[in-house]
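J.: Residue numbers (mature numbering (1 follows the signal peptide of the UniProt record, and there is no 0)): -20 to -1, 1 to 260.
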């Protein structure tokens, strides 16, 4: 009789948990339809995995809401209530509320191990002699290539990478795996990319590659700082402070689990500055 009572109690508790979870609204997360390695519609990105983990911690089912153009998804999806959470935004992004940062990383130099390039900073000789350098336009890498006088040298190559698409009124995407493969295949000597965007493809490359974090000390010719290290947070719609507090608790209490997920991706992680830590 006791055994039956215990079994019944366990079943009742299990059913109660399932019912409670069912009563919770789904966690609607904005995800890119095809912006790897962050996310895609098949759930293969590291932000997809993080979204699933966060939903589980909240005891809610995950519902993904996909967008195709990153320029407008906060305005057209988050602000309009089509989704509630964005997994990866700059900490402090003024368009929404952001959690404490859950990771900090930086831009990297990528080269073939066999080439033995000594890429330490923007004064490295290899940057002056490389015939082809792959990078994403509009990034800090473009700013510094202009500063050291190499941008014009790469102009025609950049058009090849974009497939000669017109930039007028459309989002032109430079695929991260393609840019890394430019180096792995020997078409380019160097790539300069955001570390989290490149890490998966550097790790998977058939040709051994070296990924070196760029120091956050770069300045333009006019002396203005060019940032290369940034902190990433989870974002919610302005006014949704209750959800923000729940997510902040996960970021604080489950940091080891989150870092394990990011390290499995191969993402180079940096410590948060003391000023950022004191604000959280």
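All C-beta atoms, glycine included, are put in the ideal place defined by N, C-alpha and C. From a predicted model like this one, the values you see are computed outputs, not experimental measurements.
In terms of alpha-carbon separation, which member of 251, 127, 7 lies closest to residue 204?
T.: Residue 127 is the option with its Cα nearest to residue 204.
J.: Just to confirm my understanding: we take residue 25, look at its own chain, exclude 5 residues before and 5 after, and list those with CB closer than 6 Å. What are they?
T.: Within the same chain, residue 25 has close Cβ partners 16, 17, 18, 19.
J.: Looking at the structure shown, is residue 243 part of a helix, part of a strand, or coil, going by DSSP?
T.: DSSP places residue 243 in helix when its eight states are reduced to three.
J.: Considering only the alpha carbon of each residue, which of 102, 117, 142 lies closest to residue 129?
T.: Residue 102 is the option with its Cα nearest to residue 129.
J.: Quick check: residue 89 and residue 99, are their CB atoms within less than 7 Å of each other?
T.: For residue 89 and residue 99, yes; Cβs fall inside 7 Å.
J.: From residue 8 to residue 133, what does the alpha carbon distance come to, in whole angstroms?
T.: Cα to Cα, the separation comes out at about 45 Å.
J.: Relative to the C-alpha of residue 242, which residue among 190, 208, 183, 200 is closest?
T.: Nearest of 190, 208, 183, 200 to residue 242, Cα basis: 183.
J.: Would the stretch 223 to 235 and the stretch 25 to 44 be scored as touching if the rule is three or more Cβ pairs under 8 Å?
T.: Yes, the stretch 223 to 235 is in contact with the stretch 25 to 44.
J.: Would you kindly work out how many angstroms separate the C-alpha atoms of residue 117 and residue 135, rounded to a whole number?
T.: Each residue's Cα considered, the two are about 10 Å apart.
J.: By the three-class DSSP mapping on this structure, what secondary structure does residue 197 have?
T.: In the structure shown, residue 197 sits in coil (DSSP, three-state: anything other than H, G, I, E or B).
J.: If you draw a straight line from the C-alpha of residue 57 to the C-alpha of residue 157, how long is it?
T.: The straight-line gap from Cα to Cα measures roughly 27 Å.
J.: Using a 10 Å radius around the Cβ and a threshold of 16 neighbouring Cβ atoms, would you call residue 120 buried or exposed?
T.: The residue is buried, with at least 16 neighbouring Cβ atoms inside 10 Å.
J.: Grouping DSSP H, G and I as helix and E and B as strand, with all else coil, what is residue 43?
T.: Here residue 43 sits in strand by DSSP.
J.: Give the DSSP-derived three-state secondary structure of residue 78 in the structure shown.
T.: Three-state result, residue 78: strand.
J.: Could I get the ranges of all uninterrupted beta strand (DSSP E) runs contained in the stretch 146 to 225, with 3 residues as the minimum, in chain order?
T.: Counting whole runs of 3 or more residues, the stretch 146 to 225 contains the beta strand (DSSP E) stretches 170 to 174, 189 to 193, 209 to 216.
J.: Just reading off the alpha helix (DSSP H) that residue 108 is part of, what are its end residues?
T.: Per DSSP, residue 108 belongs to the alpha helix (DSSP H) from 105 to 109.
J.: Excluding the five sequence neighbours on either side, which residues of its own chain have a C-beta within less than 7 Å of the C-beta of residue 180, listed in chain order?
T.: Once the five neighbours on either side are set aside, the close Cβ partners of residue 180 are 17, 245, 246.
J.: Rounding to the nearest angstrom, what Cα-Cα distance links residue 193 and residue 171 in this structure?
T.: The alpha-carbon atoms of residue 193 and residue 171 are separated by roughly 12 Å.
J.: With DSSP run on the structure shown, which of helix, strand or coil describes residue 67?
T.: Strand at residue 67.
J.: Rounded to whole angstroms, what's the CA-CA distance from residue 48 to residue 54? Just pull it up for me.
T.: Rounded to the nearest angstrom, the two C-alpha atoms are 12 Å apart.
J.: Can you grab the Cα-Cα spacing for the pair residue 40 / residue 160, in whole Å?
T.: Taking the straight line joining both Cα atoms gives about 37 Å.
J.: Short of 8 Å in beta carbon distance, which residues of its chain neighbour residue 45, apart from the five on each side in sequence? Order them along the chain.
T.: So the qualifying residues of the chain are 8, 9, 10, 11, 57, 62, 63.
J.: To the nearest whole angstrom, what separates the beta carbons of residue 109 and residue 214, a pair I think is in contact under 8 Å?
T.: With a Cβ gap of about 42 Å, residue 109 and residue 214 do not count as contacting.
J.: Are the beta-carbon atoms belonging to residue 85 and residue 188 less than 7 Å from one another?
T.: No. Outside cutoff.
J.: Going by DSSP, what residue range makes up the beta strand (DSSP E) through residue 52?
T.: Note, residue 52: premise wrong, no beta strand (DSSP E); not H, not E.
J.: Within its chain, find whatever has a CB closer than 6 Å to the CB of residue 190; leave out the 5 residues flanking it on each side and keep chain order.
T.: Counting only Cβ-Cβ distances below 6 Å, and skipping sequence neighbours, we find 91, 93.
J.: Looking at the structure shown, is residue 116 part of a helix, part of a strand, or coil, going by DSSP?
T.: In this structure, residue 116 counts as coil in the three-state DSSP scheme.
J.: At a Cβ threshold of 7 Å, is residue 188 touching chain C?
T.: Reference to chain C is not applicable here, since this structure consists of a single protein chain.
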